[in-house]
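In mature numbering (1 follows the signal peptide of the UniProt record, and there is no 0), the protein residues as written are -25 to -1, 1 to 220.
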């Protein structure tokens, strides 16, 4: 028995899955360059109900220029500069190429001062760091299929000589610089531990106020003693004059 064309069309329509619709998304994991975001996709019924939802991770692109990141590392330590995070590089999608350039001995973003630096990887490692490594490293991330530039970042590296390392150097570094000096990858959207809050008596203005009050008390005491001493001298002189009369 043959089915009518209308019945076949209706049956086929029921077999076609409903399209997945984006219903929610997290912000991009970075504020510049290529990052990762998590999206929630759902089927939406004619009544507007969400069903068969799934979470997927995808790449996101914001401003491709990331600016200059300053790093200060003691000579002899290990260091890794990372151009693109592991999460963004490992997701399915187009492949990327990495181009590194180097301005020796300079902290700069002037692209005319950079020279090619052979390193096809997304990261650049130094073990150990030498004074000759000081300078600015520029990394460009491009989509291989279209040559689209999706990220450019500069790493300004200062290498502290060995004879200056003993000046309690670690405490002077920022959280990001401490991670980089240990060869760890710095999360692009993370913030380091907050600085210890100072008590009010540790602040400079409090010391100045205490010093001012103390100086005033001392000066007042000295001035009062001086007046008292002069008063006694005057009393003795007046008494002598009266006796002489």
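We treat Cβ as the ideally placed atom computed from N, Cα and C, and that holds for glycine.
Source: prediction; values computed, not measured.
Whole-Å CB distance - residue i paired with residue j, under 8 Å assumed
i: residue 71; j: residue 92; result: About 17 Å; that fails the 8 Å criterion.
i: residue 1; j: residue 43; result: That belief does not hold up - the Cβ atoms of residue 1 and residue 43 are roughly 28 Å apart, past 8 Å.
i: residue 126; j: residue 41; result: 6 Å
Neighbourhood of residue i by C-beta distance below 8 Å, restricted to the same chain and skipping five residues each side
i: residue 106; result: 50, 134 and 136
Closest Cα partner of residue i within the set the options
i: residue 120; options: 16, 69, 52 and 186; result: 69
i: residue 104; options: 48, 94, 190 and 29; result: 48
i: residue 102; options: 60, 53, 61 and 88; result: 53
Beta-carbon contacts of residue i that lie in its chain and below 6 Å, excluding the five residues immediately before and after
i: residue 98; result: 55 and 57
i: residue 27; result: 18
Identity of the residues DSSP links to residue i by a beta bridge
i: residue 194; result: None; residue 194 has no bridge partner.
i: residue 14; result: -1 and 31
i: residue 110; result: 79 and 132
i: residue 38; result: 7
i: residue 99; result: 56
i: residue 26; result: 18
Distance, residue j Cα to residue i Cα
i: residue 108; j: residue 100; result: 11 Å
i: residue 205; j: residue 196; result: 14 Å
i: residue 8; j: residue 117; result: 11 Å
i: residue 23; j: residue 14; result: 19 Å
i: residue 74; j: residue -4; result: 35 Å
i: residue 16; j: residue 32; result: 11 Å
i: residue 10; j: residue 67; result: 13 Å
i: residue 201; j: residue 193; result: 12 Å
i: residue 20; j: residue 29; result: 15 Å
i: residue 122; j: residue 138; result: 45 Å
Cβ neighbours of residue i in the same chain (closer than 7 Å, five flanking residues each side left out)
i: residue 130; result: 44, 46, 56, 111 and 112
i: residue 95; result: 73
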